[in-house]
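Q: I have a structure I would like to understand better, so I am pasting it below and will then ask my questions one at a time.
Residue numbers (our numbering), protein chains in the order written: chain A, -7 to 228; chain B, 12 to 235.
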């Protein structure tokens, strides 16, 4: 895998929520030059919503730029559809397609982008890199939580996204598996150079994963900076 | 018992034709009701369920009112093109569609609600457009519920009587479906014929119930 030049992510969006009298909105503003950006904060502060908006899965206003390409510019009426954003997404519960084998899950994105012949071998290559090549023929319901997340990661990475979004991907895993998965993600990030956004509410995970951090606080407040500086007090 | 085959074939043809109309409409409406929020959604839900609770003769009357030769839509159609739907094969199909479509929509809606929206979200980020996502992820994941709905819907269409009698009539060799033929045979005192038809339809219904319960069991197993 060639190391790509540093890719910037610029997000400056407002995500409307609810309707009528219950109408509120989440404001998100941050930049990533390279590596992993951690979005850290308590639940219900809009972390998941932010990554879903970056993926184009929920409507948002404002601007999103990935690697110099504009994915959203509400004023200029640019809003690239999720299937054309080339932004990978790993949700909290791996969300593997239950009717497809592990291999076909990973090949899904390659086939969707028209890469039919080499999708099988490429899928297996990614499974190999994530240490789950032996599971290629299995159905997702026969996998453990850790195995599922490795496959989900392989599936998101296989079509070579410009940006990878991970929404609390290890929240339902045991501690040992979590630690192992953090190492895997860091390693893949270094090798591939794909910039990542990693959502978590665990201060330890935030420090371990993040090169850069955005802290979501109560009442829509946001701070941006080094992970060590921003979550130090949460560790005590 | 001479022309026993015609009503049987006719019933099958009507039910199959109805199913061909129902499945695409039902998939679209079922998905819409399961996944989208839009103004008037609750009203559409009521309209979908209505034919399930309306007496078939009332449904039949509405069909005549709308599609009869002097109907609201049927009138202009007849004047413009000379086409009259009432008392034809297609009238029987339309009656079957109207009474059994709601069943399929309800099943499709439930089946789609059982599909994790994250699966669709991930498929989109992997490069599949809305249509590809629907056919490669949503439908395959929901398929058992969809097939169960189609089976039940087919059975309902096969057993349709009231609305069909009103709208398609009882024209021998044209619109005398199995259920209508049972009624005619009974009226004419031809018990042997009525019993033979009754046994055939009972067997078909039992087969449907068995297939349906098997699908439901498999679906429960899938979710575990």
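The C-beta atom is built at its ideal place from N, Cα and C for all residues, glycine as well.
Using a Cβ cut-off of 9 Å, which residues of the region 139 to 171 of chain A contact any Cβ in chain B, in chain order?
A: 144, 147, 148, 150, 151, 153 and 157
Q: I'd like the ranges of any beta strand (DSSP E) spanning at least 3 consecutive residues and lying wholly in the region 51 to 139 of chain B.
A: none
Q: Spatial neighbours of residue 45 of chain B within its chain, please: CB distance less than 7 Å, with the 5 preceding and 5 following residues excluded, ordered by chain position.
A: Numbered from 1 along the second chain, position 34 holds the residue referred to as residue 45 of chain B. These residues qualify, in order along the chain: 120, 123 and 124.
Q: Consider the Cβ of residue 149 of chain B: report whether some Cβ of chain A lies at a distance smaller than 8 Å.
A: Numbered from its first residue, the second chain carries residue 149 of chain B at position 138. Chain A contact via Cβ: absent.
Q: Taking all protein chains shown into account, do 16 or more other C-beta atoms lie within 10 angstroms of the C-beta of residue 13 of chain B, making it buried, or fewer, making it exposed?
A: One-based indexing of the second chain puts residue 13 of chain B at position 2. Any reading at residue 13 of chain B must be qualified, since the residue scores a pLDDT of 47, below 50, and its modelled position is unreliable; the value itself is stated next. With fewer than 16 Cβ atoms within 10 Å of its Cβ, residue 13 of chain B is classed as exposed.
Q: Could you tell me which chain B residues have their CB closer than 9 Å to the CB of residue 100 of chain A, listed as they occur along the chain?
A: On the first chain, residue 100 of chain A is found 108 positions in, with the first residue counted as 1. What residue 100 of chain A touches in chain B: 133, 134, 137, 138, 139, 147 and 148.
Q: Taking just the CA atoms, how far does residue 223 of chain B sit from residue 151 of chain B?
A: As a first step, residue 151 of chain B must be located in the second chain, where it is residue number 140. As a first step, residue 223 of chain B must be located in the second chain, where it is residue number 212. Distance between the alpha carbons of residue 151 of chain B and residue 223 of chain B is about 18 Å.
Q: Which whole-angstrom value is the C-beta distance of residue 5 of chain A and residue 189 of chain A, which I expect to be below 8 Å?
A: In the first chain, counting from the first residue as 1, residue 5 of chain A sits at position 13. In the first chain, counting from the first residue as 1, residue 189 of chain A sits at position 197. No, residue 5 of chain A and residue 189 of chain A are not in contact; Cβ-Cβ is about 13 Å, not under 8 Å.
Q: Give the DSSP-derived three-state secondary structure of residue 23 of chain A in the structure shown.
A: Here residue 23 of chain A refers to the residue found at position 31 of the first chain. Strand.
Q: For residue 37 of chain B, collect the residues of the same chain with a Cβ closer than 7 Å to its Cβ; drop the 5 residues on either side in sequence, then sort them by chain order.
A: Counting from one through the second chain, the residue named residue 37 of chain B turns up at place 26. Contacts found: 112, 115, 116 and 119.
Q: Looking at the structure shown, is residue 204 of chain A part of a helix, part of a strand, or coil, going by DSSP?
A: Against the first chain, residue 204 of chain A aligns to sequence position 212. Strand, per DSSP.
Q: Does chain A have any CB closer than 8 Å to the CB of residue 130 of chain B?
A: Position 119 of the second chain, counted from the start, is the residue given in the question as residue 130 of chain B. Output row for residue 130 of chain B: interface = yes.
Q: Return the bridge partner residues of residue 81 of chain A from the DSSP annotation.
A: In the first chain, counting from the first residue as 1, residue 81 of chain A sits at position 89. Answer is A:157, bridged to residue 81 of chain A.
Q: Residues of chain A with a CB under 9 Å from the CB of residue 143 of chain B: which are they?
A: Here residue 143 of chain B refers to the residue found at position 132 when the second chain is read from its first residue. Chain A residues near residue 143 of chain B: 75 and 104.
Q: Against chain B, does residue 49 of chain A count as a neighbour if the rule is that its beta carbon must be under 8 Å from one of theirs?
A: Counting from 1 along the first chain, the entry for residue 49 of chain A is found at position 57. Yes, its Cβ sits closer than 8 Å to a Cβ of chain B.
Q: Counting only Cβ pairs nearer than 9 Å, list the residues of chain B close to residue 45 of chain A.
A: Within the first chain, the letter at position 53 stands for residue 45 of chain A. Ordered by position in chain B, no residue passes the 9 Å Cβ test against residue 45 of chain A, which lies about 12 Å from the chain.
Q: State the DSSP-derived secondary structure class of residue 231 of chain B, mapped to helix, strand or coil.
A: Taking the second chain and counting its residues from 1, one reaches residue 231 of chain B at position 220. Helix, per DSSP.
Q: Which runs of the beta strand (DSSP E) at least 3 residues long sit entirely within the region 111 to 174 of chain A? Give them in chain order.
A: 155 to 159
Q: Taking 8 Å as the cut-off, decide whether the C-beta atoms of residue 135 of chain B and residue 88 of chain A are in contact.
A: Position 124 of the second chain, counting from 1, holds the residue named residue 135 of chain B. Position 96 of the first chain, counting from 1, holds the residue named residue 88 of chain A. Their beta carbons are not under 8 Å apart, which means residue 135 of chain B does not touch residue 88 of chain A by this criterion.
Q: Using a beta-carbon distance below 8 Å, is residue 89 of chain A in contact with chain B?
A: As a first step, residue 89 of chain A is located in the first chain; it is residue number 97 there, counting from the start. It does: the Cβ of residue 89 of chain A has a partner Cβ on chain B nearer than 8 Å.
Q: In the DSSP assignment, what are the bridge partners of residue 4 of chain A?
A: As a working note, residue 4 of chain A is residue 12 in the first chain. Beta-bridge pairing links residue 4 of chain A to A:21 and A:55.
Q: Please list, in chain order, the chain A residues whose beta carbon lies closer than 9 Å to that of residue 152 of chain B.
A: The sequence position of residue 152 of chain B within the second chain is 141, counting from 1. Going along chain A in sequence order, the residues near residue 152 of chain B (Cβ under 9 Å) are 89, 90 and 91.
Q: Check each candidate in A:75, A:146 and A:38 and name the one with the smallest Cα separation from residue 176 of chain A.
A: By one-based count along the first chain, residue 176 of chain A stands at place 184. The residue with the shortest Cα to Cα distance from residue 176 of chain A is A:146.
Q: Would you list the residues sitting across from residue 7 of chain B in a DSSP beta bridge?
A: For residue 7 of chain B there is no data in the structure shown, the boundaries of chain B being 12 and 235.
Q: Between which two residues does the beta strand (DSSP E) holding residue 31 of chain A run?
A: What you label residue 31 of chain A is simply residue 39 of the first chain in a count that begins at 1. Counting along the chain, the beta strand (DSSP E) containing residue 31 of chain A begins and ends at 28 to 33.
Q: Counting only Cβ pairs nearer than 7 Å, list the residues of chain B close to residue 79 of chain A.
A: By one-based count along the first chain, residue 79 of chain A stands at place 87. Ordered by position in chain B, the residues that pass the 7 Å Cβ test against residue 79 of chain A are 136.
Q: Mind checking whether residue 84 of chain A and residue 160 of chain A have CB atoms under 8 Å apart?
A: Stepping through the first chain from its first residue, residue 84 of chain A is reached at position 92. Stepping through the first chain from its first residue, residue 160 of chain A is reached at position 168. Yes; because the gap between Cβ atoms is below 8 Å, this pair is in contact.
Q: Are any of the Cβ atoms in chain E nearer than 8 Å to that of residue 127 of chain B?
A: Here the protein chains are A and B, and chain E is not one of them.
Q: What is the rounded straight-line gap between the Cα of residue 22 of chain B and the Cα of residue 9 of chain A?
A: Here residue 22 of chain B corresponds to residue number 11 of the second chain, with the count starting at 1. Here residue 9 of chain A corresponds to residue number 17 of the first chain, with the count starting at 1. Roughly 51 Å separates the two Cα atoms.
Q: Starting from the beta carbon of residue 193 of chain A, find every residue of chain B whose beta carbon is closer than 7 Å, and list them in chain order.
A: On the first chain, position 201 is the one that residue 193 of chain A refers to. Ordered by position in chain B, no residue passes the 7 Å Cβ test against residue 193 of chain A, which lies about 19 Å from the chain.
Q: Buried or exposed: which applies to residue 188 of chain B, given that a residue is buried once 16 or more other Cβ atoms fall within 10 Å of its Cβ?
A: Taking the first residue of the second chain as position 1, residue 188 of chain B is located at position 177. Under this definition residue 188 of chain B is a buried residue.
Q: With DSSP as the reference, label residue 65 of chain A as helix, strand or coil.
A: For this step, residue 65 of chain A is matched to residue 73 along the first chain. In this structure, residue 65 of chain A counts as strand in the three-state DSSP scheme.
Q: Let me know the secondary structure DSSP gives residue 181 of chain B once reduced to three states.
A: Within the second chain, residue 181 of chain B is the residue found at index 170, counting from 1. Coil at residue 181 of chain B, not helix or strand.
Q: Quick check: is the beta carbon of residue 187 of chain A nearer than 8 Å to any beta carbon in chain B?
A: Here residue 187 of chain A refers to the residue found at position 195 when the first chain is read from its first residue. Cβ-Cβ to chain B under 8 Å: no for residue 187 of chain A.
Q: With DSSP as the reference, identify every bridge partner of residue 71 of chain A, one or two as the case may be.
A: Locating residue 71 of chain A in the first chain gives position 79, where the first residue counts as 1. Answer is A:64, bridged to residue 71 of chain A.
Q: Do residue 130 of chain A and residue 94 of chain A count as a contact pair if the criterion is CB distance below 8 Å?
A: Counting from 1 along the first chain, the entry for residue 94 of chain A is found at position 102. Counting from 1 along the first chain, the entry for residue 130 of chain A is found at position 138. With respect to residue 130 of chain A, residue 94 of chain A sits close: the two C-beta atoms are nearer than 8 Å.
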